[in-house]
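*Asks:*
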Amino acid sequence: MSALLAEYGFRSRDQAGVAYIEFRIIGTFGGRTVTWPAVDRYELDELGRVRRRILYCDSAQLVSAALRPHGLLALLRAGVRLGVAAVRSRSTRR
Numbered sequence: 016m017s018a019l020l021a022e023y024g025f026r027s028r029d030q031a032g033v034a035y036i037e038f039r040i041i042g043t044f045g046g047r048t049v050t051w052p053a054v055d056r057y058e059l060d061e062l063g064r065v066r067r068r069i070l071y072c073d074s075a076q077l078v079s080a081a082l083r084p085h086g087l088l089a090l091l092r093a094g095v096r097l098g099v100a101a102v103r104s105r106s107t108r109r
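First residue of the sequence shown? That's 16 in this note's numbering, and the numbers climb one at a time after it.
(1) Terminal residues of the continuous beta strand (DSSP E) containing ALA21?
(2) Grab the span of the alpha helix (DSSP H) containing LEU77 for me, first residue to last.
(3) What number of angstroms, rounded off, separates the C-alpha of ALA21 from the C-alpha of ILE41?
(4) Take ASP60 as the anchor and find which of ALA18, GLY32, GLY24, ARG28 has the nearest alpha-carbon.
(5) Going by beta carbon distance, what residues of the same chain come within less than 8 Å of TRP51, once the five residues before and after it are set aside?
(6) Span of the beta strand (DSSP E) holding ARG118?
(7) Ordered along the chain, which non-local residues of its own chain (more than five positions away) have a Cβ less than 8 Å from that of ARG83?
(8) Using a 10 Å radius around the Cβ and a threshold of 16 neighbouring Cβ atoms, would you call ALA18 buried or exposed?
(9) Give the range of the beta strand (DSSP E) segment to which ALA34 is assigned.
(10) Would you mind giving the Cβ-Cβ distance between TYR57 and ALA34, rounded to the nearest angstrom? I have them listed as a contact below 8 Å.
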């Protein structure tokens with residue numbers, strides 16, 4: 016997946032110290048634009064610091080793109096690149 020973009024929408028914070036941020040992730044995969052919605056849920060402590068973060072997203076669009084021929088080819092290329100990088104990093108540690 017090449018460059019990713021996030022479009023932020025609704026933000027909310029309730030009295031129980033939980034904040035929500037709604038957004039869409041947009042990127043290109045297998046030559047096509049893929050968009051999927053997501054929500055970040057943050058549990059905050061008394062000082063407003065993040066104690067816990069949970070990401071909820073519907074990745075059906077990404078799975079659909081990955082199952083197309085161009086998507087499978089992109090996954091194969093990425094896997095080969097990752098495999099080559101892992102082999103290189105192991106050989107430089109010695």
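All residues carry an ideal CB built from backbone N, CA and C; glycine is no exception.
*Replies:* With the given structure in hand:
(1) 20-28
(2) 75-81
(3) 6 Å
(4) GLY32
(5) ARG39, ILE40, CYS72, ASP73, SER74, ALA75, GLN76, LEU77
(6) The chain is shown from 16 up to 109; residue 118 falls before or after that span and cannot be answered.
(7) GLY45, ARG47
(8) exposed
(9) 33-44
(10) 4 Å
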